[in-house]
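Each protein sequence line maps, in turn, to chains A and B.
Each step along the first sequence adds one to the number in the working numbering, with nothing skipped, and position 69 is 247.
Each step along the second sequence adds one to the number in the working numbering, with nothing skipped, and position 56 is 248.
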Amino acid sequence: MTEPAEISAVLVALADQTRRALLDVLADEGSASATTLATRLPVSRQAVLKHLNVLTEAELVESDRIGREVRYRVRPAALDASARWLADLAATWDRRLAMLKRIAEAAQD
Amino acid sequence: MQDKIEREIHINAGLGRVWDLVSQPGWWVGEGVDDGVTFADEGEFHVVTHPKHGRVPIKVETVRPKSYLAYRWASAFPGEDPVDGRATLVEFWLSERDGGTQVRVVESGFAALATSADERRSAFDGNTEGWRYELDLLHKRAIAA
Numbered sequence: 179m180t181e182p183a184e185i186s187a188v189l190v191a192l193a194d195q196t197r198r199a200l201l202d203v204l205a206d207e208g209s210a211s212a213t214t215l216a217t218r219l220p221v222s223r224q225a226v227l228k229h230l231n232v233l234t235e236a237e238l239v240e241s242d243r244i245g246r247e248v249r250y251r252v253r254p255a256a257l258d259a260s261a262r263w264l265a266d267l268a269a270t271w272d273r274r275l276a277m278l279k280r281i282a283e284a285a286q287d
Numbered sequence: 193m194q195d196k197i198e199r200e201i202h203i204n205a206g207l208g209r210v211w212d213l214v215s216q217p218g219w220w221v222g223e224g225v226d227d228g229v230t231f232a233d234e235g236e237f238h239v240v241t242h243p244k245h246g247r248v249p250i251k252v253e254t255v256r257p258k259s260y261l262a263y264r265w266a267s268a269f270p271g272e273d274p275v276d277g278r279a280t281l282v283e284f285w286l287s288e289r290d291g292g293t294q295v296r297v298v299e300s301g302f303a304a305l306a307t308s309a310d311e312r313r314s315a316f317d318g319n320t321e322g323w324r325y326e327l328d329l330l331h332k333r334a335i336a337a
């Protein structure tokens, strides 16, 4: 089961525009180094590394060292888990609202 | 990226009737009538006690009669008080529509839940279903890449 803290980490990570842009670029490229990412976005390599750390903590990206280069890529699992968790919650509210409707409408008859 | 859930329903009942139901803090905790749920006022919190879910404290944030309600609860942390790092905000909007009542609910604040490892708790039980927020799009792009 996915825990709320993990979902929260994902949502916090995705709340930042630069980090979303980083994920977009990584999704397009398949994988990329921080240096490459910095050329694609209007931020410094230092800033890119900082954001990649947040994304790594949230398990949204992973990295491999290839020679002298560290290459990052998207990990879909955490996104998937967050999406399922939120979907579950949306379905729960649908059930609650349906219950409200049932009770409110029954009371009138 | 929004950390919220938004749902809506139309009810064939008058606004006053629906308001009476929705203005009971924690009305959504139970599964309907005669399910053994009790409500109690414990000072700062209204406490719903459910045979299965146990004690569910709820804080009333805002009440605008017959139009808007805001509650705070620790939905992801069963049994705990709705304090910072634990609580999400649940808002209800009611309006008259087509001879009945439209109810909109928004639950928000998931990104503000405490994230430190020692504060992790297991949350919602239940099955998983589809979701249609940006997460899905991003996910699709990620796996398509």
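Backbone N, C-alpha and C define an ideal beta-carbon position, used for all residues, glycine too.
- The Cβ of A/D272 sits closer than 7 Å to at least one Cβ of chain B.
- Taking the Cα of B/Q216 as reference, the smallest distance to any Cα among B/A205, B/I197, B/L261, B/G235 is reached at B/L261.
- For A/S186, a Cβ of chain B is located within less than 7 Å of the residue's own Cβ.
- For B/K196, there is no enclosing alpha helix (DSSP H); the enclosing beta strand (DSSP E) covers residues 196-203.
- Minimum Cα-Cα distance from A/L227 among the listed residues A/E237, A/I244, A/V248 corresponds to A/V248.
- The Cβ atoms of A/A191 and A/L233 sit closer than 7 Å to each other.
- Among the residues of chain A, none has a CB under 8 Å from the CB of B/V252; the nearest is roughly 18 Å distant.
- Under a criterion of Cβ atoms nearer than 9 Å, the residues of chain B adjacent to A/L275 are, in order, R199, E200, I201, I203, W220, V295, V297.
- Legend: CB atoms of the stretch 244-270 of chain B lying less than 9 Å from CB atoms of chain A belong to residues S267, A268, F269.
- In this structure the stretch 287-296 of chain B lies against the stretch 197-215 of chain B, because at least three pairs of beta carbons, one per stretch, are closer than 8 Å.
- Looking at the DSSP output, B/P249 shares a beta bridge with B/V239.
- For A/T270, the number of other beta carbons within 10 angstroms of its own is at least 16, and it is reported as buried.
- Scanning the stretch 227-259 of chain A from its first residue to its last, no whole alpha helix (DSSP H) run of 4-plus residues comes out.
- Here the alpha carbons of A/A261 and A/A199 stand approximately 19 Å from one another.
- Residue range 260-265 is occupied by the beta strand (DSSP E) that includes B/A262, with no alpha helix (DSSP H) assigned at that position.
- For B/G208, the three-state secondary structure derived from DSSP is helix.
- Per DSSP, reduced to three states, the secondary structure at B/D276 is coil, with no helix or strand assignment.
- In this structure B/K244 is exposed. Its beta-carbon is surrounded by fewer than 16 other beta-carbon atoms within 10 angstroms.
- Beta-bridge partners of A/S186 (DSSP): none assigned.
- At least 7 Å separates the CB of A/E240 from every CB of chain B.
- Minimum Cα-Cα distance from B/G208 among the listed residues B/E288, B/V297, B/E299, B/V298 corresponds to B/E288.
- Taking 7 Å as the cut-off, the Cβ atoms of B/V240 and B/G271 do not count as close.
- For A/D202, the enclosing alpha helix (DSSP H) covers residues 195-207.
- Residues of the stretch 256-270 of chain A that bring their beta carbon within less than 8 Å of a beta carbon in chain B comprise L257, D258, S260, A261, R262, W263, L264, A265, D266, L267, A268, A269, T270, in sequence order.
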